[in-house]
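Going line by line, the protein sequences match chains A and B. Going left to right, the first sequence walks through residues 244 to 718 as the working numbering numbers them. Going left to right, the second sequence walks through residues 244 to 718 as the working numbering numbers them. Even glycine gets a Cβ: it sits at the ideal position worked out from N, Cα and C.
Number of protein chains: 2
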Amino acid sequence: MLLALDKRGSLYDQIARAIRVEILEGRIAAGSKLPSTRTLAIALGVSRKSVLQAYDLLCAEELAIAREGSGTRVGKVGSSTRISTRTRMVPTSLYALRARSLPSITLAGAHISCRPIYDLHYGEPLVDPALFHSWRRKLAAAALRAGPTYPLAGGYLPLRRAIAEYLGRRRGIVCDAADILVVGGTQQALTLIERVLLNPGDDVVVEDPHYQLTLHSLLAHGARVTSVRTDAEGLVVQELPRRETRLLLVTPSHQFPSGVAMTLTRRLELLRWAARTGSWIFEDDYDTEFHSRARPLPALRSLDLADRVLYVGTFSKSLFPSLRLGFIVCPKSLRDDLYRAKLLDDIGSATMEQAALGAFIQSGMFEKHLRKSAKELVNRRRAIVAALQRLAGSHVEIGPHDAGMHFIVWFRHLAFDRLDAFIERARSLGLGLYPVHPYYRTRPTRPGLLVGYAGLSVSQLRTAVELFARCLESE
Amino acid sequence: MLLALDKRGSLYDQIARAIRVEILEGRIAAGSKLPSTRTLAIALGVSRKSVLQAYDLLCAEELAIAREGSGTRVGKVGSSTRISTRTRMVPTSLYALRARSLPSITLAGAHISCRPIYDLHYGEPLVDPALFHSWRRKLAAAALRAGPTYPLAGGYLPLRRAIAEYLGRRRGIVCDAADILVVGGTQQALTLIERVLLNPGDDVVVEDPHYQLTLHSLLAHGARVTSVRTDAEGLVVQELPRRETRLLLVTPSHQFPSGVAMTLTRRLELLRWAARTGSWIFEDDYDTEFHSRARPLPALRSLDLADRVLYVGTFSKSLFPSLRLGFIVCPKSLRDDLYRAKLLDDIGSATMEQAALGAFIQSGMFEKHLRKSAKELVNRRRAIVAALQRLAGSHVEIGPHDAGMHFIVWFRHLAFDRLDAFIERARSLGLGLYPVHPYYRTRPTRPGLLVGYAGLSVSQLRTAVELFARCLESE
């Protein structure tokens, strides 16, 4: 018996595993005798004890049988079958085939190995060490309080209450805890809404431009996606299809990624369209907390009298992305369906972080954190915008930038075919730049960059702009 | 203007909301003047300040415009439309329709309001206060270490490494961190596997009996589900369909809920069937950690040479259900598809609890906890089994009970039509009993109970059995 040990785990495990494969592949027949422990130990150059332990393990697994005085024999087991050697295409679902055809996406933080020093990747959060310390305390307290049993699929009740009250206070949205479905972020909100509302082939409209993972989720689900353009007032409502569209996805507070806030007139037009056509609206209010305005325009959900809006909020932007908590304010008529979809999808979100978040909001620390972050984001935004205007004003045009954590920088002169080289050069100087055209379905006429500024300090942002200006000079 | 305030939130919010509805419903025309703040304050019996604040809010929202000297007017906004008054059936997806038709399920812990004192509900965890204290420390440390950025869709690397090593040590499964996909529990594992492998209408086989939420998820997904019976050796492999079945779900270590361990012979037969027909096996190893045997029989995954097994593990049973973390050991050929499905479903699981769990396993505390829990479960199991045999031995037959946290108690004499009344009577004495036949597709010949004993102490279990015996006497 020639055994090849794979050097993983303990020696006796390796020996047992190697013999197991011999048995399963039928190279040692059922009932035949295994070598004596002494013989095998010498052959393998290992201690007899290791072989003994390996045989014990095989006996415990019933693959072998030890009999006093007659050594160890292979049990009465048939062979398993190795068949995967026929390499063949693995047939999967239509979902998996559609998902395979999507371009891959790099989320902020997921490309750790080679991050540039001055990285303007959108999605890098504003890191506040004080936040982590208070979060830690809330989490430790929640670990004792939250209880070990299964969560409610709809979410931890004190958190749902805290969210409902917060929305009333800050967004003018009137809802109860029972209307709130806690989910694992905006992406899961979309997953559940797709399940409840969309059959493959159903019509969905997204804004152009839009967030890529949203589009990918819709395409993988099998939706027939069209896009409608946005202008300086937000989504061009007049260009929406006149018939029912199962679902329309919008970012009215802060169009992603263009940065436009949808005007009140457009919001009301949009709601009339939804009520008239019987369409559903997915209102993605992803970073409304960081508006410079004293009070942002009212959410669609607070203007909607026809109950056509699924309002979706997230704590990925307002706290930190690794948290994975968000919520849907459900229309009454879809509430039970959405709860059921959450139950069937993953039973419910983890309780402890929900309990910590509920306490964080209820204690007022969340809104204190929001005020502090909003102020710091204004500082960063002003610093980078001022630096861009001063050092690169004749080369670029800056898109709307009175909210959130990002804006678009449009090149005035650079041609599309020079963009990759430009980004490459920036990279070699330690500056991470990211093109914005992949977010558009209809390619914009000029190249541009999606600039996320939350992750860098004011002085880092100034240096970043200096590097940017240096790249422009050599154009 | 007659305003009805809804008494939710601050007074000025209530006033603003009431006026907003008047505007949106078109009862106050665009451009028309709002009452003076003094007039409205008197009419509503509130302070003028509240009305002023409400008007300010409406102006900030652009629903109204204030002009020096000429009061406040309604902005140039059209009305929104109330349309939901036409009550109509909300059209949803086929998924939602299928999900609506499923019976509702009560998970342990989710029926808080009216829990009996002696509750033998399956799924109640073994509560260990010491566990919560060490968990809390790990979580607090992880909060500082885990980082705020987006998680990797596949899971937090140190956790995946810890799981891979743990599986090698305890279950003889050879895999790398890269083969592990971290998910939000077994239910989400199934969700993702369904997406990747099943089109609606595809064939799936489950064991009879089986876990209900598993079946519900499959039915909602649109799978064509058949069941194959189990006997004292586990799944009856000879009765499986001879053609390809997209997916077969099994619980070989501890059949749920019958408690049988699948024999080695059957395991090997099953693997040969999968290799021959090209079917996939979902191996649900939900509570193998609590076996009384020194070493449980080898997992299918460790015997499988054809790479047809998706091994799924969970920490809901071994730690606590509110944690919501589990994993799939992915076959190489499905790894990328499963990762993509997780990314599109919810981007990835929350990082902090993953980091805490990774540290918990790596430090050896997890396995220490398992040993302690397994020992305590043996105590509880022995206590309840001994009490049942002593006080009710002539009335009941106890199913296999050498593992896990539950077993089945079969009534020898009780007729099916008396079962509900029996359970009702137990309930009136503070004893929670749960029938087992809902877990069967083919109704068993005798009524039985699914008994979960992890949540009660030895003395509570004894009292529970005394109450049970009292119910039997009055039969």
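Taking any Cβ of chain A, which residues in the stretch 450–461 of chain B have a Cβ under 9 Å from it, in chain order?
456, 459, 460
From what residue to what residue does the beta strand (DSSP E) around residue 529 (chain A) run?
Here residue 529 (chain A) refers to the residue found at position 286 of the first sequence. Here residue 529 (chain A) belongs to no beta strand (DSSP E), and DSSP marks it neither H nor E.
Between which two residues does the alpha helix (DSSP H) carrying residue 668 (chain B) extend?
Taking the second sequence and counting its residues from 1, one reaches residue 668 (chain B) at position 425. First-last of the alpha helix (DSSP H) with residue 668 (chain B): 662–671.
Based on Cα-Cα distance, which residue from B:479, B:648, B:414, B:690 lies nearest to residue 555 (chain B)?
Taking the first residue of the second sequence as position 1, residue 555 (chain B) is located at position 312. Comparing Cα positions, the closest option is B:414.
Would residue 655 (chain B) count as contacting chain A if we go by Cβ distances under 7 Å?
For this step, residue 655 (chain B) is matched to residue 412 along the second sequence. Taking Cβ atoms only, chain A never reaches closer than 7 Å to residue 655 (chain B), which makes this a no.
For residue 588 (chain A), I'd like the list of residues in its chain whose CB is within less than 8 Å of its CB, leaving aside the five on either flank, ordered along the chain.
The residue labelled residue 588 (chain A) in the question sits at position 345 within the first sequence. Cβ within range, chain order: 431, 434, 435, 438.
Tell me the rounded alpha-carbon separation between residue 311 (chain B) and residue 301 (chain B).
Taking the second sequence and counting its residues from 1, one reaches residue 311 (chain B) at position 68. Taking the second sequence and counting its residues from 1, one reaches residue 301 (chain B) at position 58. Cα-Cα distance, rounded: 16 Å.
Do residue 317 (chain B) and residue 273 (chain B) have their CB atoms nearer than 7 Å?
In the second sequence, counting from the first residue as 1, residue 317 (chain B) sits at position 74. In the second sequence, counting from the first residue as 1, residue 273 (chain B) sits at position 30. Cβ distance < 7 Å, so residue 317 (chain B) and residue 273 (chain B) count as in contact.
Ignoring anything shorter than 4 residues or poking outside the stretch 338–416 of chain B, list the alpha helix (DSSP H) runs there in chain order.
372–388, 400–414
Does residue 607 (chain A) come within less than 7 Å of chain B when only Cβ atoms are used?
Counting from 1 along the first sequence, the entry for residue 607 (chain A) is found at position 364. Residue contact with chain B for residue 607 (chain A): absent (no Cβ-Cβ distance below 7 Å to any residue of chain B).
Between residue 565 (chain A) and chain B, is there a C-beta pair that is closer than 7 Å?
Taking the first sequence and counting its residues from 1, one reaches residue 565 (chain A) at position 322. Yes, its Cβ sits closer than 7 Å to a Cβ of chain B.
For chain B, check one thing: does any of its Cβ atoms lie closer than 7 Å to the Cβ of residue 359 (chain A)?
Reading the first sequence from its first residue, position 116 is the one you call residue 359 (chain A). Not one chain B Cβ lies under 7 Å of residue 359 (chain A).
Along the alpha helix (DSSP H) that carries residue 299 (chain B), what are the first and last residues, could you check?
Counting from one through the second sequence, the residue named residue 299 (chain B) turns up at place 56. Residues 291–303.
For residue 640 (chain A), three-class secondary structure by DSSP
Within the first sequence, numbered from 1, the residue matching residue 640 (chain A) stands at position 397. Of the three classes helix, strand and coil, the one that applies to residue 640 (chain A) here is strand, per DSSP.
Look up residue 678 (chain B) in the DSSP assignment and say whether it is helix, strand or coil.
As a position in the second sequence, residue 678 (chain B) is number 435, starting the count at 1. Looking at residue 678 (chain B) - three-state DSSP - the assignment turns out to be strand.
Residue 485 (chain B) versus residue 514 (chain A) - alpha carbon distance
The residue you call residue 485 (chain B) lines up with position 242 of the second sequence. The residue you call residue 514 (chain A) lines up with position 271 of the first sequence. One Cα belongs to residue 485 (chain B), the other to residue 514 (chain A), and the distance between them is close to 55 Å.
Thinking C-alpha only, which one of B:475, B:549, B:631 is nearest residue 264 (chain A)?
Within the first sequence, residue 264 (chain A) is the residue found at index 21, counting from 1. Closest by alpha carbon: B:549.
Using the three-state DSSP reduction, which class does residue 259 (chain B) fall into: helix, strand or coil?
Position 16 of the second sequence, counting from 1, holds the residue named residue 259 (chain B). Here residue 259 (chain B) sits in helix by DSSP.
At which residue ranges does the stretch 566–625 of chain B contain complete alpha helix (DSSP H) runs of 4 or more residues, listed in the order of the chain?
578–589, 594–605
Pull up the distance between the alpha-carbon of residue 595 (chain B) and that of residue 565 (chain A), whole angstroms please.
One-based indexing of the second sequence puts residue 595 (chain B) at position 352. One-based indexing of the first sequence puts residue 565 (chain A) at position 322. Straight-line Cα distance between these residues: approximately 7 Å.
Within its chain, find whatever has a CB closer than 8 Å to the CB of residue 386 (chain B); leave out the 5 residues flanking it on each side and keep chain order.
Position 143 of the second sequence holds residue 386 (chain B). Contacts found: 595.
Once DSSP output is grouped into helix, strand and coil, what is the label at residue 470 (chain A)?
The count along the first sequence starts at 1 and reaches residue 470 (chain A) at position 227. Of the three classes helix, strand and coil, the one that applies to residue 470 (chain A) here is strand, per DSSP.
At which residues does the alpha helix (DSSP H) containing residue 462 (chain A) begin and terminate?
The sequence position of residue 462 (chain A) within the first sequence is 219, counting from 1. Note, residue 462 (chain A): alpha helix (DSSP H), 455–464.
Residue(s) in a DSSP beta bridge with residue 554 (chain B)
In the second sequence, the residue the question calls residue 554 (chain B) occupies position 311. BP columns for residue 554 (chain B) point to B:526, B:572.
Going by the DSSP bridge assignment, what does residue 693 (chain A) pair with across the sheet?
Here residue 693 (chain A) is taken as the residue at index 450 of the first sequence, counted from 1. For residue 693 (chain A), which the question treats as bridged, DSSP gives the partners A:651.
In this structure, what does DSSP give as the bridge partners for residue 627 (chain A)?
In the first sequence, the residue the question calls residue 627 (chain A) occupies position 384. Beta-bridge pairing links residue 627 (chain A) to no other residue.
Exposure label - residue 360 (chain A); buried when at least 16 CB within 10 Å:
Position 117 of the first sequence, counting from 1, holds the residue named residue 360 (chain A). Counting of Cβ neighbours within 10 angstroms places residue 360 (chain A) among the exposed residues, the total staying below 16.
With a threshold of 8 Å on Cβ separation, who are the neighbours of residue 444 (chain B) within its own chain once the five nearest residues in sequence on each side are excluded?
The sequence position of residue 444 (chain B) within the second sequence is 201, counting from 1. Around residue 444 (chain B): 465, 466, 467.
Under 8 Å, with one C-beta from each stretch per pair, do the stretch 679–692 of chain A and the stretch 507–521 of chain A reach the 3-pair mark?
no
Contact criterion: CB-CB distance below 7 Å. Does residue 394 (chain B) meet it with respect to chain A?
For the purposes of this step, residue 394 (chain B) is taken as the residue at position 151 of the second sequence. So, interface residue.
What's the call for residue 422 (chain B), buried or exposed, on a 16-neighbour Cβ count within 10 Å?
For the purposes of this step, residue 422 (chain B) is identified with residue 179 of the second sequence, where counting begins at 1. So residue 422 (chain B) counts as buried.
Between residue 316 (chain B) and chain A, is the shortest Cβ-Cβ distance under 7 Å, so that the two count as touching?
Taking the first residue of the second sequence as 1, we reach residue 316 (chain B) at position 73. Answer no: the Cβ-Cβ gap between residue 316 (chain B) and chain A never drops below 7 Å.
What would DSSP say about residue 310 (chain A), mapped onto helix, strand or coil?
Indexing the first sequence from 1 puts residue 310 (chain A) at position 67. Strand, per DSSP.
Unbroken alpha helix (DSSP H) run spanning residue 708 (chain B), endpoints
Along the second sequence, read from residue 1 onward, the residue named residue 708 (chain B) stands at position 465. Looking at the DSSP string, the run of the alpha helix (DSSP H) that includes residue 708 (chain B) is 701–716.
Per-residue burial, residue 266 (chain B) [other beta carbons within 10 Å of its own, 16 or more giving buried]:
Position 23 of the second sequence, counting from 1, holds the residue named residue 266 (chain B). By the Cβ neighbour-count rule, residue 266 (chain B) is buried, with 16 or more other Cβ atoms within 10 Å of its own.
Return the first residue and the last residue of the beta strand (DSSP E) that residue 449 (chain B) is part of.
If you number the second sequence from 1, residue 449 (chain B) lands on position 206. Looking at the DSSP string, the run of the beta strand (DSSP E) that includes residue 449 (chain B) is 446–451.
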